[in-house]
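The numbering used here applies: residue 20 is where the sequence shown begins, and numbers increase by one.
The beta-carbon is built from N, C-alpha and C at its ideal position, and this holds for glycine as well.
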Amino acid sequence: MTGALAHGDRLPSTREMGAELDADPRVVLAAYRDLAGEGLVELRPRSGVYVARHALYDQGKRPPRPWLTEILAGAVTRGFSTRDFCDDLREAALGSKLRAVVIATTYDQSAGLCRELRADFGIEATGILGETLKRGLPIPAALSRAHLVLSTAIHAELGGQLAKKLGKRFIVAKVRPEIVGDEWLLLLDREVFVVAVDPRFLRALRGYLASTPGAENVKMLVAGQDDLSVIPRDAPTYVTQAARERLGRTRIPGRLIPPARVFSADCVRAILNIVVEVNTER
Numbered sequence: 020m021t022g023a024l025a026h027g028d029r030l031p032s033t034r035e036m037g038a039e040l041d042a043d044p045r046v047v048l049a050a051y052r053d054l055a056g057e058g059l060v061e062l063r064p065r066s067g068v069y070v071a072r073h074a075l076y077d078q079g080k081r082p083p084r085p086w087l088t089e090i091l092a093g094a095v096t097r098g099f100s101t102r103d104f105c106d107d108l109r110e111a112a113l114g115s116k117l118r119a120v121v122i123a124t125t126y127d128q129s130a131g132l133c134r135e136l137r138a139d140f141g142i143e144a145t146g147i148l149g150e151t152l153k154r155g156l157p158i159p160a161a162l163s164r165a166h167l168v169l170s171t172a173i174h175a176e177l178g179g180q181l182a183k184k185l186g187k188r189f190i191v192a193k194v195r196p197e198i199v200g201d202e203w204l205l206l207l208d209r210e211v212f213v214v215a216v217d218p219r220f221l222r223a224l225r226g227y228l229a230s231t232p233g234a235e236n237v238k239m240l241v242a243g244q245d246d247l248s249v250i251p252r253d254a255p256t257y258v259t260q261a262a263r264e265r266l267g268r269t270r271i272p273g274r275l276i277p278p279a280r281v282f283s284a285d286c287v288r289a290i291l292n293i294v295v296e297v298n299t300e301r
């Protein structure tokens, strides 16, 4: 879970959620059942739907057993022992220390994508602002050492040219279409605060949310400029990775929302394809 909802909290009914999302309640019920099957929610007869007290995807918890069984069964049916397969899997995922450079417009973007590369893929990532590469300055050492160059869409041409010139693998970051998920939609009926470093990031976010119901409830603040004490203690608050780094140990009011994963499924596969390729090409 992302932290904005606590374990044991009651979720909206299928009718309430259907009305909120303009969806058939039967579709909502099917989605709730899927979430229950993954251990994320509990369906209680004549009581409602609740956030599972031991959600399977909580940080520190193990992956769901049915999924692990499916993966291991697939390995065995392909002729691998579970021991050999797990050894090969670890080598493919973690065999060497991969390095990446993220090219973006703002530190909020680059820091967030770097955090995800480190946390989810074990890749040592460095962020570089696209404008610094357009000035004709020397190529940063991090770019020369990188196995992978990843850029936001606006810098795709620049990133592709640099990657080709340096002989690096290149990916354009693609964002999950459901990045503003159901939980955010539920939160937007009240004030939600976003703290970032660069006003340009906040303007872009404002534009992205423009057609989302409740977008007017999102209050945006710049770390180091705006007064963060205006954030109510219980208000859902999202702080970008760049803002977290800038603020250091400064206490941030509000109920902090951990960052959601940004990369789309296709982008995740593209990154993992490079990870596996580099780790198994020796």
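*Find out if the Cβ-Cβ distance for the pair L247, V214 is shorter than 8 Å.*
Mapped onto the sequence shown, residue 247 falls at position 228. Mapped onto the sequence shown, residue 214 falls at position 195. Contact flag set, yes.
_Assuming the contact rule is C-beta atoms closer than 8 Å, Y126 and G146 should be a hit. Round their C-beta distance to whole Å, please._
Along the sequence shown, one-based indexing puts residue 126 at 107. Along the sequence shown, one-based indexing puts residue 146 at 127. Right, the Cβ-Cβ distance comes to about 7 Å (below 8 Å), so this counts as a contact.
*asked:* Measuring only the C-alpha atoms, how far is S163 from L181?
replied: Along the sequence shown, read from residue 1 onward, the residue named residue 163 stands at position 144. Along the sequence shown, read from residue 1 onward, the residue named residue 181 stands at position 162. Each residue's alpha carbon lies about 10 Å from the other.
*Would you tell me roughly how many angstroms separate the C-alpha atoms of L75 and S100, rounded to the nearest one?*
Against the sequence shown, residue 75 aligns to sequence position 56. Against the sequence shown, residue 100 aligns to sequence position 81. Per-residue confidence for L75 stands at a pLDDT of 41, beneath the threshold of 50, marking its modelled position as unreliable; the derived number appears in the next sentence. Distance between the alpha carbons of L75 and S100: 26 Å.
_Identity of the residue in T171, I158, P196 nearest K184 by Cα_ = Start at 1 with the first residue of the sequence shown, and residue 184 comes out as number 165. Of the listed residues, the one whose Cα sits closest to K184 is I158.
*Note down, in chain order, each residue of its chain lying with its Cβ closer than 6 Å to the Cβ of H166, except the 5 sequence neighbours on either side.*
Residue 166 sits at position 147 when you count from the first residue of the sequence shown. The residues are L117, R118, V297.
*Got a sec, what are the start and stop residues for the beta strand (DSSP E) A215 sits in?*
As a working note, residue 215 is residue 196 in the sequence shown. Unbroken beta strand (DSSP E) run through A215: 211–215.
*Could you work out which residue in L108, V168, R102, L152 is closest to C133 when comparing CA atoms only?*
What you label residue 133 is simply residue 114 of the sequence shown in a count that begins at 1. Per the Cα distances, V168.
*Apply the 10 Å Cβ neighbour rule to V68 and answer buried if 16 or more other Cβ atoms are within range, or exposed otherwise.*
Within the sequence shown, the letter at position 49 stands for residue 68. It is buried - the Cβ of V68 has at least 16 other Cβ atoms within 10 Å.
_Taking DSSP's pairing of strands, which residues face E143 in a bridge?_
Numbered from 1 along the sequence shown, position 124 holds the residue referred to as residue 143. DSSP, once it has assigned bridges, lists R118 as partnering E143.
*asked:* DSSP three-state label for Y76, please.
replied: Locating residue 76 in the sequence shown gives position 57, counting from the first residue. Note on Y76: pLDDT 46, under 50, position unreliable in the model; no value is reported.
*Which whole-angstrom value is the C-beta distance of V194 and V281, which I expect to be below 8 Å?*
As a position in the sequence shown, residue 194 is number 175, starting the count at 1. As a position in the sequence shown, residue 281 is number 262, starting the count at 1. Indeed, because the Cβ distance is near 6 Å, the residues count as touching under 8 Å.
*How many angstroms separate the CA atom of A229 from the CA atom of D106?*
Taking the sequence shown and counting its residues from 1, the one referred to as residue 229 is at position 210. Taking the sequence shown and counting its residues from 1, the one referred to as residue 106 is at position 87. Taking the straight line from one Cα to the other gives about 48 Å.
_Distance, V121 Cα to S283 Cα_ = Working through the sequence shown from its first residue, we reach residue 283 at position 264. Working through the sequence shown from its first residue, we reach residue 121 at position 102. Cα to Cα, S283 sits roughly 16 Å from V121.
*In whole angstroms, what is the alpha-carbon distance linking R34 and R288?*
Counting from 1 along the sequence shown, the entry for residue 34 is found at position 15. Counting from 1 along the sequence shown, the entry for residue 288 is found at position 269. The alpha-carbon atoms of R34 and R288 are separated by roughly 36 Å.
*Check the DSSP bridge columns for S170 and list the partner residues they point to.*
The residue given as residue 170 occupies position 151 in the sequence shown. In the DSSP output, where bridge partners are listed per residue, S170 has I122, V191.
*What is the rounded straight-line gap between the Cα of S32 and the Cα of P272?*
What you label residue 32 is simply residue 13 of the sequence shown in a count that begins at 1. What you label residue 272 is simply residue 253 of the sequence shown in a count that begins at 1. If you take the alpha carbons of S32 and P272, they lie about 30 Å apart.
*Are V60 and V47 touching if we call contact CB-CB under 8 Å?*
In the sequence shown, counting from the first residue as 1, residue 60 sits at position 41. In the sequence shown, counting from the first residue as 1, residue 47 sits at position 28. In this structure, V47 does not lie closer than 8 Å to V60 by Cβ.
*Have a look at S129 and K187 and give me their C-alpha separation to the nearest angstrom.*
Start at 1 with the first residue of the sequence shown, and residue 129 comes out as number 110. Start at 1 with the first residue of the sequence shown, and residue 187 comes out as number 168. Distance between the alpha carbons of S129 and K187: 19 Å.
*With burial defined as no fewer than 16 other Cβ atoms inside 10 Å of the residue's Cβ, what is the status of Y227: buried or exposed?*
Looking up residue 227 in the sequence shown gives position 208. Per the 10 Å Cβ criterion, exposed.
*Please check the pair F104 and A94, which I expect to be a contact at CB under 8 Å, by giving their CB distance rounded to whole angstroms.*
The residue labelled residue 104 in the question sits at position 85 within the sequence shown. The residue labelled residue 94 in the question sits at position 75 within the sequence shown. Confirmed, about 4 Å.
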